[in-house]
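Structure record follows, encoded as structure tokens.
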Amino acid sequence: MLEIGNIKEDKERIISGLKKKNASQEQIDLVDKIISEDDKRKVIQTNLDNILSKTNKLSDEIGILFKSGQASKATELKSEVAALKDESKILETQLKDVKELLEEMIIQLPNTPHVSVPFGQKAEDNEVFKAWDKAMPDLGENALPHWELAEKYNLISFKDGVTLTGSGFPVYKNQGARLQRALINFFLDEAISAGYQEIQPPLLVNKETAKATGQLPDKEGQMYYCEKDDFYLIPTAEVPLTNLYRDTILQKSDFPIKLTGYTPCFRREAGSYGSDVKGLNRLHQFDKIEIVRIEHPDKSYETLMEMVNHVESLLKKLELPYRILRLCGGDMSFNSALTFDFETYSAAQGRWLEVSSVSNFETFQSNRMKLRFRDDDGKTKLAHTLNGSALALARIVATLLENHQVADGIKIPEALQPYTGYNMIK
RNA sequence: GGAAGAGUGGCAGAGCUGGUUGAUUGCACCGGUCUUGAAAACCGGCGUACCUGAGAGGGUACCGGGGGUUCGAAUCCCUCCUCUUCCGCCA
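So, in structure tokens, the structure goes:
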């Protein structure tokens with residue numbers, strides 16, 4: 004959620020930011036409406052406070068009068084208070100309505116992009132920030148896509164998943180299950196040695212939590228929902244991890260806050276079809292290790308690059324072909340100010356698969372969840388939040404299988420071998 | 001799931017027969033005096049958000065959340081949530 008103060012003080016910059024993010028004309032028109040509505044809010048607040056101040060004073064007087072036995076005088080004042088109370092009731096309702104309308108409008112505005120974000124509408128407009136420094140693997144004619152490899156070596160059963168649940172819920176078996184577990188441990192260990200604190204959060208969260216990180220109301224349809232208990236299945240560990248610091252005032256010495264956690268992620272992915280959802284490309288349930296940072300605003304972009312380097316190091320250790328994209332304004336998520344996507348090459352499919360997305364949200368999330376810190380001047384300010392996948396498993400498994408396949412099996416990268424306990428899938 | 005009790009400022013802990021109580025006090029924390037230095041002692045400060053003001057300051061709201069009674073509620077009533085204890089169930 005954008006800060007209303009920024010909207011008012013820096014209107015032109017906000018508008019040009021919204022345009023860069025391909026906001027609609029309706030969204031841009033909201034800016035002026037928000038400003039005038041907030042002015043209205045202030046007037047009402049001032050009037051209301053004045054009336055409440057008067058009633059408070061009169062109530063005190065009434066108390067004193069009653070104690071000194073001047074009941075008739077007190078009764079006189081009572082009617083005066085009653086009139087003021089009617090007035091304040093009206094203003095209170097107005098204030099509530101204005102605040103609701105304001106929130107409703109502000110929540111519709113996406114975050115504004117960082118200056119380095121390239122202009123553009125679609126995925127094709129993203130900038131290749133960094134490409135792999137090695138040659139793309141040449142797998143030859145007989146290379147198989149991961150879903151065929153999974154079947155050939157009995158690693159994953161998509162069919163069994165359909166029986167148990169439905170499409171998009173694969174069942175991992177044998178060396179495939181072991182590979183999953185190995186990757187989870189490998190990624191967690193890497194994060195821990197980079198200084199992240201490991202967290203095991205709940206997989207179901209309440210409305211407040213889903214709202215604070217921006218999943219509600221924006222992505223309501225994307226989440227699985229347990230109606231009976233009013234809980235949402237998390238679409239990413241970002242949600243519970245970041246919310247650990249909801250409604251908090253940090254000291255400067257608390258920075259940096261570095262959290263990591265492994266969780267399954269649940270996404271409805273309604274409307275996806277075709278080659279997009281083939282095999283492990285897009286699932287309703289997949290495993291992911293997330294890294295979350297809460298930072299001082301002066302440090303957050305430095306931190307973002309640190310996270311990018313961390314994710315890159317993982318892909319290098321797994322010996323996977325990758326590229327890093329700096330997302331253009333139109334392709335960025337609603338919440339983000341700057342996002343780097345990581346893609347690995349699916350050699351057999353001839354396409355790039357997104358395996359990580361590392362973003363700085365600046366104060367967009369912290370404003371909604373009231374995550375502040377006390378700055379040197381003693382004032383509270385909003386902290387910056389960041390997060391990234393390090394990494395998302397299913398697609399990593401897909402490209403790992405494809406890129407490391409040889410005639411008689413699939414080679415396991417050296418870094419992963421201590422975790423798998425085998426060096427070859429056969 | 002059933003029964004009883006409880007939720008107050010960073011923590012501990014008063015207030016809860018309604019009226020200068022945003023809230024006694026202790027600890028923690030910050031500044032100062034004293035000291036060669038430290039500790040102790042003493043003095044002072046010490047919540048958040050919003051409105052207003054150039055500023056100093058002034059005002060409003062908040063004692064788990066929401067609603068109600070009343071001129072006036074941390075204090076009374078309703079409701080929800082959470083915690084503790086006992087019972088039931090159970091990985």
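Residues are numbered in my numbering as their position in the first sequence, beginning at 1, plus a constant of 3.
For every residue, glycine included, the Cβ atom is placed at its ideal position computed from N, Cα and C.
Go ahead and label residue i buried or exposed: buried means 16 or more other beta carbons lie within 10 angstroms of its beta carbon, across all protein chains shown.
{"i": "V46", "result": "exposed"}
{"i": "E29", "result": "exposed"}
{"i": "M4", "result": "buried"}
{"i": "Q254", "result": "exposed"}
{"i": "R398", "result": "buried"}
{"i": "A180", "result": "exposed"}
{"i": "Y276", "result": "exposed"}
{"i": "I67", "result": "exposed"}
{"i": "K36", "result": "exposed"}
By Cβ distance, which residues of its chain are closer than 8 angstroms to residue i, with the 5 residues on each side in sequence left out?
{"i": "D32", "result": "none"}
{"i": "S316", "result": "E193"}
{"i": "G282", "result": "P148, H149, W150, A153, F161, A401"}
{"i": "R285", "result": "G171, E272, S275, D279"}
{"i": "H407", "result": "E322, I413, K414, I415, P416"}
State the Cα-Cα distance for the pair residue i and residue j, rounded to the nearest angstrom.
{"i": "S3", "j": "L341", "result": "As shown, the chain starts at 4 and ends at 429. That puts residue 3 outside it, with no answer to give."}
{"i": "P6", "j": "N338", "result": "The question names Pro, but residue 6 is Glu in the sequence shown. Rounded to whole angstroms, E6 to N338 spans 13 angstroms at the Cα level."}
{"i": "P416", "j": "E230", "result": "44 angstroms"}
{"i": "K153", "j": "V208", "result": "This sequence places Ala at residue 153; Lys is not what is there. Cα to Cα, A153 sits roughly 33 angstroms from V208."}
{"i": "D250", "j": "G391", "result": "22 angstroms"}
{"i": "D13", "j": "L404", "result": "50 angstroms"}
{"i": "Q225", "j": "V295", "result": "21 angstroms"}
{"i": "K214", "j": "E293", "result": "19 angstroms"}
{"i": "G412", "j": "E346", "result": "24 angstroms"}
{"i": "E40", "j": "V400", "result": "51 angstroms"}
Apart from the five residues just before and just after residue i, which ones in its own chain have a Cβ nearer than 7 angstroms to its Cβ?
{"i": "K88", "result": "T58"}
{"i": "T239", "result": "C268, K291, E293"}
Could you check which residue in the options has the C-alpha nearest to that of residue i?
{"i": "T263", "options": "V242, Q200, N284", "result": "Q200"}
{"i": "S62", "options": "L152, Q420, S82", "result": "S82"}
{"i": "R354", "options": "A386, T402, L318, Q48", "result": "T402"}
{"i": "V34", "options": "G66, L94, I67, L112", "result": "L112"}
{"i": "R375", "options": "S256, F69, N177, W135", "result": "S256"}
{"i": "N188", "options": "V400, Y265, I65", "result": "Y265"}
{"i": "P163", "options": "P173, N157, D128", "result": "Here residue 163 is Asp; the residue named in the question, Pro, does not match the sequence. The residue with the shortest Cα to Cα distance from D163 is P173."}
{"i": "L323", "options": "L206, E298, W135, P220", "result": "W135"}
Taking DSSP as the reference, what is the three-state secondary structure of residue i?
{"i": "M226", "result": "coil"}
{"i": "L318", "result": "helix"}
{"i": "E272", "result": "coil"}
{"i": "H149", "result": "helix"}
{"i": "H313", "result": "helix"}
{"i": "I294", "result": "strand"}
{"i": "V118", "result": "coil"}
{"i": "T168", "result": "coil"}
{"i": "S39", "result": "helix"}
{"i": "L247", "result": "coil"}
Excluding the 5 residues preceding and the 5 following residue i in the sequence, name in chain order all residues of the same chain whose CB lies nearer than 6 angstroms to its CB.
{"i": "I260", "result": "I297"}
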